[in-house]
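As structure tokens, the structure follows; a few thoughts come after it.
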Amino acid sequence: MTSPPTRTAPAPERRGGSRQDLAGTGTLLRLALRRDRLLIPVWVILLAVLATQSAVAVEQFYPTAAERADMARSTNANASMRAIYGPVFEPTLGAVSVWELLTTGSVLIAIVSMVIVVRHTREEEETGRQELISAAVVGHRAPLTAALLAAAVANAAAAVLIALGLIGIGLPTAGSVATGLTIGGTGMVFAAFAALAAQLTESARLAKGLTGAALGAAFMLRAAGDSGTADGSSPLAWLSPLGWTRNVRPYADERFWVLLLMVALTVVVSAVAYGLAGRRDVGASFLATRPGPAEGRIGGVYGLAWRLQRGSLLGWGTGFALGGFAFGAMADGADELIGDNEQSREIIERMGGAQGITDAFLAAMIGLFGMLAAIYAVSAVLRMRGEETSERAEPLLASVLPRLRWASSHLVIAYAGSVLLLLVSGLTTGLGYGLAAGDMGQVWRATGASLAQTPAVWLLAGAAVLLFGALPALSVAAWGLVVVVLVIGWIGPSLDLPQSVMNISPFTHLPKLPGAEVTAAPYLWLLLLAAVPLVAGIAAFRRRDIG
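At the far end of the sequence shown sits residue 656, using this note's numbering, and the numbering has no gaps.
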């Protein structure tokens with residue numbers, strides 16, 4: 110007879126007041142900042158550079174007020190473009206400069222804040238380190254406080270550097286300060302959501318997934334609202350924290366009072382997280398774990414790997430499907446959207462090739478999905494390291510299960526899953542474009558173009574396998590490779606980076622499809638290069654110690 114799922118009883122009331130609950134916060138904060146001494150500076154500097162370079166690029170490509178007015182008019186007339194980035198409220202240099210930044214910057218800093226908070230709360234509990242720390246003179250709410258303060262340091266640094274960078278290139282002070290505060294404030298909102306998720310769930314993976322779902326819901330609400338109106342007045346946009354980022358309106362008669370909504374939501378959600386933290390024991394959660402299947406239903410080690418990773422793949426697939434359809438529908442109006450602006454045409458052509466603006470736009474968007482598929486592949490590969498450090502892999506490998514079989518169960522999902530994501534993005538991009546243009550033959554063109562990026566995706570996945578197998582302590586460096594490739598592919602064309610720098614990315618060496626001439630050589634070379642780190646990484650993993 111199967112016993113009902115165990116629910117953890119609330120922890121007894123702790124005496125000593127809030128001062129005792131926060132004992133050791135300063136020490137834990139210093140520890141968190143020391144552990145994040147690379148993560149926080151790299152991301153903060155990246156966001157600041159992205160902000161300033163976006164403004165410089167806009168001034169270069171839209172130098173006159175008339176060109177910026179045309180750009181704003183064409184953008185606001187395109188519902189798909191408004192759904193992705195929001196409307197342009199004023200055709201000023203500053204407002205056009207932060208048009209994309211407010212969305213991309215806010216999403217990036219929300220992800221960074223989530224990682225920081227979950228890393229220093231639920232992840233510490235999951236690995237057992239928090240229980241050791243709590244045995245000393247450390248208050249029950251001190252880890253949560255230290256994690257939120259570490260996120261606050263990162264968001265404050267980003268806000269200051271972004272504001273100073275925009276002021277430094279000559280943009281008005283009020284709009285620059287509003288931009289920095291908006292992005293930093295958005296980060297703190299999702300830091301609070303991550304803190305709440307860490308109390309509700311029993312694993313870091315679930316806490317990140319729950320926070321990511323909140324971020325996705327906020328984006329969809331904002332997108333649905335902005336696609337219907339061009340002035341940010343939609344109630345749906347006002348229901349989303351990402352909608353608030355638009356309605357602060359930097360450089361367009363700033364509404365600083367909207368920032369108070371971010372402060373209020375951060376305080377409320379954080380207060381709920383603090384309340385829950387005081388009512389549970391270390392390692393416990395409020396959402397009970399669902400019992401596993403009956404014996405024999407899990408399907409062996411491959412079934413276990415699929416069960417562990419299917420939720421992530423489903424979430425990525427949903428995002429790829431929605432994004433692909435939106436970009437595909439937008440492609441039919443790409444020529445009209447860009448208009449006569451030669452600089453914008455040059456950027457799109459550098460990203461997607463010079464085979465016509467529509468095909469170049471499609472190739473650029475498909476290339477973006479290729480880089481995102483590489484992020485998924487690296488994440489799925491590094492899931493093995495998470496299983497190893499959490500000591501869930503060792504009991505499996507202590508039995509008759511061979512290491513190669515255990516590793517292959519995760520690698521099959523990582524490699525096959527990335528191909529599936531490319532297939533989904535290609536099909537939906539082609540479908541969106543085909544419906545808009547009245548030519549359903551575009552579905553197969555876009556699908557083939559998307560799948561053609563597989564060798565580049567697998568090369569980055571192979572690099573992650575090599576780091577996991579040979580240098581497990583440095584396996585997180587695989588994310589650095591992904592960030593470099595993403596920056597080169599997405600920002601490099603607008604900055605007109607030298608070809609020698611662009612060649613660092615494996616995606617640069619593939620034909621820009623659809624539309625470009627296809628030869629077999631680059632695909633064969635990249636597949637060969639992708640196989641080398643994969644084989645070397647597996648061989649190294651078979652020889653090293655676990656943990």
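We treat Cβ as the ideally placed atom computed from N, Cα and C, and that holds for glycine.
Bear in mind the structure is a predicted one, so any value in this text is a computation, not a measurement.
| Asked | Found |
| --- | --- |
| On the criterion of 16 or more Cβ atoms from any shown chain inside 10 Å, does Arg-177 qualify as buried, or is it exposed? | buried |
| For Gly-274, which residues of its own chain have a beta-carbon under 7 Å away from its beta-carbon, when the five flanking residues on both sides are left out? | Ala-157, Ala-160 and Thr-161 |
| Between Ala-482, Asp-362, Ile-655 and Thr-236, which has its C-alpha nearest Gly-526's C-alpha? | Ala-482 |
| Kindly provide the ranges of any beta strand (DSSP E) runs that are 3 or more residues long and lie completely inside the region 494-524, ordered along the chain. | none |
| For Trp-347 versus Gly-337, is the C-beta spacing smaller than 9 Å? | no |
| Of the choices Val-216, Val-378, Tyr-194 and Ala-382, whose alpha-carbon is the least far from that of Ala-339? | Tyr-194 |
| Taking just the CA atoms, how far does Leu-477 sit from Leu-595? | 8 Å |
| Here's the rule I'm using: 16 or more other beta-carbon atoms within 10 Å means buried, otherwise exposed. How should Asp-362 be labelled? | exposed |
| Where does Ala-178 fall in DSSP's three states? | helix |
| Relative to the alpha-carbon of Ser-222, which residue among Ala-266, Val-247, Met-480 and Asp-654 has its alpha-carbon at the smallest distance? | Ala-266 |
| If we call anything under 9 Å between Cβ atoms a contact, is Val-490 one with Ala-586? | no |
| When you compare only the Cα positions, how much space is there between Arg-388 and Leu-142? | 27 Å |
| Is the region 194-208 touching the region 350-360 in the sense that three or more CB pairs, one from each, lie closer than 8 Å? | yes |
| Please confirm if the region 252-259 is in contact with the region 137-151, defined as three or more CB-CB distances below 8 Å between the two stretches. | yes |
| Take Leu-643 and list the residues in its own chain whose beta-carbon comes closer than 7 Å to its own, dropping the five residues that flank it on each side. | Gly-571 and Val-574 |
| Between the region 217-232 and the region 294-305, can you find at least three pairs of beta-carbon atoms closer than 8 Å? | yes |
| Using a 10 Å radius around the Cβ and a threshold of 16 neighbouring Cβ atoms, would you call Arg-653 buried or exposed? | exposed |
| May I ask which residues mark the beginning and end of the alpha helix (DSSP H) holding Gly-203? | 202-206 |
| Confirm, please, whether the CB-CB distance from Ala-322 to Leu-351 is below 9 Å. | no |
| Using 9 Å as the threshold, is the C-beta distance between Pro-200 and Ala-181 below it? | yes |
| Since I believe Ala-272 is in contact with Gly-248 (beta carbons under 8 Å), could you give me their beta-carbon distance rounded to a whole number of angstroms? | With 8 Å as the limit, Gly-248 and Ala-272 do not qualify as a contact, their Cβ atoms being about 34 Å apart. |
| Grouping DSSP H, G and I as helix and E and B as strand, with all else coil, what is Arg-143? | helix |
| Leaving out five residues on either side along the sequence, give the residues of the same chain with a beta carbon under 8 Å from the beta carbon of Ala-192. | Ala-332, Ala-333, Asp-335, Ser-336 and Ala-435 |
| Apart from the five residues just before and just after Ala-132, which ones in its own chain have a Cβ nearer than 7 Å to its Cβ? | Val-246, Val-247, Gly-248 and Ala-251 |
| Please list the terminal residues of the continuous alpha helix (DSSP H) segment that includes Asn-612. | From DSSP, Asn-612 is part of no alpha helix (DSSP H); its letter is neither H nor E. |
| For Asp-130, is the classification buried or exposed, using 16 other Cβ atoms within 10 angstroms of its Cβ as the cut-off for buried? | buried |
| By how many angstroms is the C-alpha of Leu-619 removed from the C-alpha of Gly-543? | 24 Å |
| Taking just the CA atoms, how far does Gly-535 sit from Asp-548? | 15 Å |
| Within the same chain, show all residues whose beta-carbon is closer than 8 Å to that of Leu-531, passing over the 5 residues directly before and after it, in chain order. | Phe-478, Gly-479, Ala-482, Ser-559, Leu-560, Gln-562, Thr-563 and Val-566 |
| To the nearest angstrom, report how far apart Gly-624 and Trp-553 are at their CA atoms. | 13 Å |
| Mind reading off the beta-carbon distance from Ala-138 to Ala-255? Whole number of angstroms is fine, and I expect it under 8 Å. | Here residue 138 turns out to be Leu, not Ala, going by the sequence shown. Sure, about 4 Å apart at Cβ, within 8 Å. |
| Nearest-angstrom Cα distance between Glu-497 and Gly-428? | 28 Å |
| Cα separation between Met-474 and Gly-437? | 8 Å |
| For Asn-389, which of helix, strand or coil comes out of DSSP? | Just to set this straight, residue 389 is Arg in the shown sequence, not Asn. Arg-389: coil per DSSP, three-state reduction. |
| Just to confirm, are Ala-414 and Phe-365 a CB contact at a threshold of 9 Å? | no |
| Between the beta-carbon of Val-216 and the beta-carbon of Leu-324, is there less than 9 Å? | yes |
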